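**Student:**
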Amino acid sequence: QLIQYLEANIWNVDDAKQQLVDTYEWRTKLDVDHLPVATKYNKLPPLVACRGYKHIQDTNFNVEPQLSESVVRIANCVGGDCFHKFDKEGHPILIDRTGYHNAKEMGNNVSTLEITNFQIATQEFLNRVLMPEGCEKAGKSIHSETVIFDCTNMSLWQFHMGAFQHLRAIAEIVQHYYPETLHRLFVVNAPSAFVVMFKVIRPWLNPRTLDKIHVLGKDFESILLEYVEAENLPDFLGGTCTCSHMAGGCVPKKSKFKATDKNEKVPTVYNEEVMDSALSDESLCGVLPTTTVKSE
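For the sequence shown, our numbering begins at 104 and goes up steadily by one.
#1: Is the CB-CB distance between Thr249 and His194 below 9 Å?
#2: From Lys356 to Asp322, what distance separates their C-alpha atoms?
#3: Quick check on the burial criterion: 16 or more other C-beta atoms within 10 angstroms. Buried or exposed for Arg154?
#4: Any idea what DSSP makes of Asp161, helix, strand or coil?
#5: Out of curiosity, what's the CA-to-CA distance linking Val331 and Phe189?
#6: Alpha carbons only, please: which of Leu328, Glu172, Val291 and Ile198 is nearest the one belonging to Asp364?
#7: Is it true that the CB of His187 sits closer than 9 Å to the CB of Val291?
#8: Kindly indicate which three-state DSSP category Asp253 falls into: helix, strand or coil?
#9: Would you decide whether Gly202 is buried or exposed? Buried here means 16 or more other CB atoms lie within 10 Å of its CB.
#10: Ignore the nearest five residues each way along the sequence and tell me which others in Thr215's own chain have a CB closer than 8 Å to its CB.
#11: On the three-state DSSP scale, how would you describe Ala333?
#12: What is the rounded straight-line gap between the Cα of Phe262 and the Cα of Ala206?
#13: Using the Cβ count rule (16 or more neighbours within 10 Å means buried), how would you classify Leu382?
#14: When you compare the segment 237-254 with the segment 172-181, are there three or more beta-carbon pairs, one atom per stretch, that lie closer than 8 Å?
#15: Check whether the segment 291-307 touches the segment 250-261, taking contact to mean three or more Cβ pairs, one atom from each stretch, closer than 8 Å.
#16: Starting from the C-beta of Gly265, find all residues in its chain whose C-beta is less than 7 Å away, skip the five residues before and the five after it, and write them out in chain order.
#17: With Pro195 as the anchor, note down where its beta strand (DSSP E) starts and where it stops.
So this is what it looks like as structure tokens:
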């Protein structure tokens, strides 16, 4: 939306126009509109666990034949993450067990191309599948997410420059081509190690992004509950939700996944057959069924 580019550039029309043109050219060059994304209608496996959404089933990450081998490697580095319901304003929530990430493995065993492809695919899933439901719930335009980083277990062993360079590449893509898609970022259970690492990351973030980051210690529950209903917030973050119907509860912790010979060694998130099919099958690109509102 145009307003995202205006807000990102503090209402400087010329700068907003240039960023919009850059985004259009980038999306055209990479054919981003034809990237496949999972929905419950097209049966593609999601890249991230999901809870509480209309257009994607409650699911955990699983190794499926449609996924590439690189996605399985990325999943083995991640401490656990999940798109988990909505905040009070209608923004989708992403909860990330940041403290359990294996940064060294991510830096050494995942390429920048693979991790940025993963991030782009996740952003497209967010925009095409989750945001429309947020708009419907809020009765207004929703184009940003609320993110919660849980830093439990974080220490300086996660300080790895290779992984930090991946993070820098992701920050550049999100800030330039997906402006104003972060609503708030809460960093909870933040230890002193986070402060050290954040000093490295901070220069890569623009002032508007920095303004949205709230670094909290261990007394964070009441603050989160100002923005998220208790039934939408996991109990380990101060809410009442347990997602007891799902293995791993609200946000499954890190697991060890094993790729098979069906998971192709390609830098894209899905295998070549899925990527090629998405060029002509719009259902694979996350097109949602239209809703007809009956007049009274």
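Backbone N, C-alpha and C fix where the C-beta goes; we use that ideal spot for every residue, glycine too.
In this text the structure is predicted, and so the values were computed from the model without any measurement.
**Tutor:** Checking against the coordinates, here is how it stands:
#1: In the sequence shown, the residue the question calls residue 249 occupies position 146. In the sequence shown, the residue the question calls residue 194 occupies position 91. Contact flag set, yes.
#2: Looking up residue 356 in the sequence shown gives position 253. Looking up residue 322 in the sequence shown gives position 219. Rounded to whole angstroms, Lys356 to Asp322 spans 22 Å at the Cα level.
#3: The residue you call residue 154 lines up with position 51 of the sequence shown. Buried.
#4: To locate residue 161, count along the sequence shown from 1; it is residue 58. Coil.
#5: In the sequence shown, counting from the first residue as 1, residue 331 sits at position 228. In the sequence shown, counting from the first residue as 1, residue 189 sits at position 86. Rounded to whole angstroms, Val331 to Phe189 spans 7 Å at the Cα level.
#6: Along the sequence shown, read from residue 1 onward, the residue named residue 364 stands at position 261. When each option's Cα is compared against that of Asp364, the closest is Glu172.
#7: Translated into the one-based positions of the sequence shown, residue 291 becomes position 188. Translated into the one-based positions of the sequence shown, residue 187 becomes position 84. No, Cβ-Cβ distance for Val291 and His187 is not below 9 Å.
#8: Against the sequence shown, residue 253 aligns to sequence position 150. Note: Asp253 maps to strand in three-state DSSP.
#9: Position 99 of the sequence shown, counted from the start, is the residue given in the question as residue 202. So Gly202 counts as buried.
#10: Taking the first residue of the sequence shown as 1, we reach residue 215 at position 112. Once the five neighbours on either side are set aside, the close Cβ partners of Thr215 are Gln268, His269 and Ala272.
#11: In the sequence shown, counting from the first residue as 1, residue 333 sits at position 230. Reduced to three states, the DSSP call for Ala333 is helix.
#12: Residue numbering aside, residue 262 sits at position 159 when the sequence shown is read from its first letter. Residue numbering aside, residue 206 sits at position 103 when the sequence shown is read from its first letter. Their backbone Cα atoms lie some 7 Å apart in a straight line.
#13: The residue labelled residue 382 in the question sits at position 279 within the sequence shown. Exposed, since its Cβ has fewer than 16 Cβ neighbours within 10 Å.
#14: no
#15: yes
#16: Within the sequence shown, residue 265 is the residue found at index 162, counting from 1. For Gly265, where only same-chain residues beyond five positions count, the Cβ hits under 7 Å are Gly210 and Asn211.
#17: Counting from 1 along the sequence shown, the entry for residue 195 is found at position 92. That run of the beta strand (DSSP E) goes Pro195 to Asp199.
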